[in-house]
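Working notes, beginning with the structure itself.
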Amino acid sequence: MTIKQEVESILAHLGVSKSACTSGDLTVRTPITGEIIAQIPRITPLAASEAIAQAHLAFLEWRTVPAPKRGELIRLLGEELRANIDSLGRLVTIETGKLLSEGFGEVQEMIDICTFAAGLSRQLAGLTVPSERARHRMMETWHPLGVTGIISAFNFPVAVWSWNTALALVCGNAVVWKPSEKTPLTALATQAIFDRAAAKFGGVPEGLATLLIGDAAVGQQLVDSHLIPLVSATGSTAMGRAVAPRLASRFARAILELGGNNAAIVAPTADLDLTLRAIAFSAMGTAGQRCTTLRRLIVHTDVYDKLIPRLKKVYASVNIGDPREPNTLVGPLIDERSCNAMQQALDAARADGAVITGGERINTEDPEAFYVRPALVEIPTQTDIVKHETFAPILYVLKYSDLPEALRLHNDVPQGLSSSIFTLNLREAEQFLSAVGSDCGIANVNIGTSGAEIGGAFGGEKETGGGRESGSDAWKQYMRRATNTINYGTDLPLAQGVSFDID
Ligand code: NAD
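Counting in the numbering used here, the sequence shown tops out at residue 507, every number present.
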């Protein structure tokens, strides 16, 4: 079976109509071979504004459904995803070039957030606050906010939708989704799965969860629509720079999940076997195309010569190729642009005096498929190119001699997503996690920078955008908080003892 035939069979199985994948001008290629696998129709600006208006109407109805009942829809969505993990996971692999285990892992993450959100639907609780006035009660209530706009990136084509959608729907909002133009097939498949869950639930308002396929211009429509009070946007820092001021200009809320430039510090006491495995997965997994990919390794001079030669061996021998094959550890880059960006970054590093192992393009028999050997780049100082996120498997390696120097290097980049320290020294580990340690949204000890669980709030600081999605109390951003004060007495005492007698 060709990849195209496999895609057609998966889409038919998931209930996506053939015309939805063959009749448009958005060309979809699989990065595995570079061949064209679909032609998708794009939404028109008019149809997009109608869909947003319909989502707003759906919100007005959905917000009156009790939250635990809304949770039942998400529980059903989780069941549908469980039943289709193989098909959707395989499609993720075909459309993005991730390993199969990563494709399945992405769908598992969707299932996990559904479980989390279904439970959350019974816990959207507010505080009770002691009032300073007699016979008064003060409390917080959380209400649905409105339509949530979701803009997602190619590298987590469906998990990001689920992090936002599971929470937004449980919170009583509707959602409108603009996926990456590089991954519309997995978006269509996900929408079909959602529609099945909605049919089982029964009575879901039309347009509660809507998919808009198109490019950045459709994303801008979400950003500019006064019917969308919250936009969750995942992608590059350049995208965030374009989106954030437009949202701010109309006082809309933003959850920004932007680029990372994640580092790990390897201290003298590190367990080097464990560290080596963690570095390999974090730096080369998903061919370096995770926002949490390890991009900078800051190694103590005492262990540099023990670790780096071993790491070079791993880089030289890692299996690169078709991500559907069980022995493959590194699949293709998403496209030619990404491959060119990698080569340009390596040229800049070379000019800065770096010594580079790997980095070359390989398996060139398919001209439209872009496989590269991950690059290990030993560089004397943290130059501009090291401070820039290149979305490809490049690991810059720097040396340090004391922890303050390592922390300085660690934090001296514009991004602030994920970070790790490898150490068995309690003082170092605690300092790394403290207020004067890592400045990132995610800080780990003795595990890599990538592979977060859904239970924690996910996101980062500085140019990563400051947003938080997924677990912990991220749900609060999808709701509006009201502070209520109730007077059950016969007097009208004013706060702070103010008197205002009109008799
Ligand atoms: P991208 O910025 O090219 O595109 C992301 C999405 O934004 C796409 O849907 C795109 O159409 C849309 N978009 C682009 N410009 C827009 C605009 N002006 N207005 C509205 N929408 C616009 O990113 P990409 O190449 O798909 O993904 C890779 C990037 O995403 C990397 O920088 C990576 O670090 C980042 N990322 C971050 C996270 C996170 O959680 N922090 C997660 C995944 C990816």
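From the three backbone atoms N, C-alpha and C, an ideal C-beta is built for every residue, glycine too. Here the structure is a predicted model, which means the values were calculated and not measured.
Query raised in the report: Apart from the five residues just before and just after Leu192, which ones in its own chain have a Cβ nearer than 8 Å to its Cβ?
Result: Leu15, Val20, Ala24, Cys25, Ile44, Leu215 and Ile217
Query raised in the report: Does any residue of chain C bring its CB to less than 8 Å from the CB of Val11?
Result: Any reference to chain C falls outside this structure, which holds one protein chain only.
Query raised in the report: When you compare only the Cα positions, how much space is there between Leu298 and Asn266?
Result: 5 Å
**Report entry** Check whether Pro336 and Ala282 have beta carbons under 8 Å apart
**Finding:** no
Report task. Output yes or no for whether 8 Å exceeds the beta carbon distance between Leu77 and Val208. Result -> yes
Query raised in the report: For the ligand ADP, is there a heavy atom less than 7 Å away from the beta-carbon of Val322?
Result: With respect to the ligand ADP, the structure offers nothing, as its ligand set consists of the ligand NAD.
**Report entry** His147 to Gly211 span [Cα, whole Å]
**Finding:** 20 Å
Query raised in the report: Hey, out of Trp167, Ser91 and Thr187, whose CA is closest to Ile458's CA?
Result: Trp167
Query raised in the report: Taking the continuous beta strand (DSSP E) assigned at Thr468, which residues delimit it?
Result: Unbroken run through Thr468: none, as it is neither H nor E.
Query raised in the report: Taking 7 Å as the cut-off, is the CB of Leu251 close to at least one heavy atom of the ligand NAD?
Result: no
Query raised in the report: Is Met243 near the ligand NAD, judged by its Cβ being under 7 Å from some heavy atom?
Result: yes
**Report entry** Residue burial classification, Gly493 (beta-carbon count within 10 angstroms, cutoff 16)
**Finding:** exposed
Requested in this report: For Gln195, write down the residues that DSSP places opposite it in a beta bridge.
Outcome: Per DSSP, none; premise fails for Gln195.
Query raised in the report: What's the call for His230, buried or exposed, on a 16-neighbour Cβ count within 10 Å?
Result: exposed
**Report entry** Length-filtered (4 minimum) alpha helix (DSSP H) runs lying within the stretch 311-392
**Finding:** 340-355
Query raised in the report: Taking C-beta to C-beta, are Phe436 and Val449 nearer than 8 Å?
Result: yes
Requested in this report: For Ser442, collect the residues of the same chain with a Cβ closer than 6 Å to its Cβ; drop the 5 residues on either side in sequence, then sort them by chain order.
Outcome: Ser423 and Phe436
Query raised in the report: I think Gly362 touches Leu380, with their Cβ atoms under 8 Å apart; what is that distance to the nearest whole Å?
Result: 6 Å
Query raised in the report: For the stretch 381-401 against the stretch 284-295, are there 3 or more C-beta pairs whose distance is under 8 Å?
Result: yes
Requested in this report: In angstroms with no decimal places, state the Cα-to-Cα distance between Ser474 and Ile117.
Outcome: 7 Å
Query - Proximity test, Cys295 beta-carbon vs the ligand NAD heavy atom, cut-off 7 Å - result: yes
Requested in this report: Go ahead and pull the three-state DSSP assignment for Pro148.
Outcome: strand
Query - Three-state secondary structure (DSSP) of Asn266 - result: strand
Report task. Measure from the alpha carbon of Asp351 to the alpha carbon of each residue in Asp309, Thr394 and His60, then state which is nearest. Result -> Thr394
Query raised in the report: If you draw a straight line from the alpha carbon of Gln481 to that of Tyr308, how long is it in whole angstroms?
Result: 43 Å
Query raised in the report: Quick one: is Arg139 buried, meaning 16 or more other Cβ sit within 10 Å of its Cβ, or exposed?
Result: exposed
Requested in this report: Determine the contact status of Leu260 and Ala248, defining contact as a CB-CB distance below 8 Å.
Outcome: yes
Requested in this report: For Arg126, I'd like the list of residues in its chain whose CB is within less than 8 Å of its CB, leaving aside the five on either flank, ordered along the chain.
Outcome: Ala71, Pro72 and Gly75
Query raised in the report: Going by the CB atoms, is the gap between Ile89 and Val111 shorter than 8 Å?
Result: yes
Requested in this report: Leaving out five residues on either side along the sequence, give the residues of the same chain with a beta carbon under 8 Å from the beta carbon of Pro188.
Outcome: Leu30, Val32, Ala42, Ile44 and Ile217
Query raised in the report: Rounded to a whole number of angstroms, what is the C-alpha to C-alpha distance between Thr313 and Gln293?
Result: One detail in the question is off: residue 313 reads as Pro in this sequence, not Thr. One C-alpha to the other measures close to 24 Å.
Report task. With DSSP as the reference, label Ile78 as helix, strand or coil. Result -> helix
Requested in this report: Grab the span of the beta strand (DSSP E) containing His304 for me, first residue to last.
Outcome: Leu298 to His304
Query raised in the report: Are the CB atoms of Ser135 and Ala157 nearer to each other than 8 Å?
Result: no
Query raised in the report: Measuring from the CB of Glu261, is there a heavy atom of the ligand NAD at a distance below 7 Å?
Result: yes
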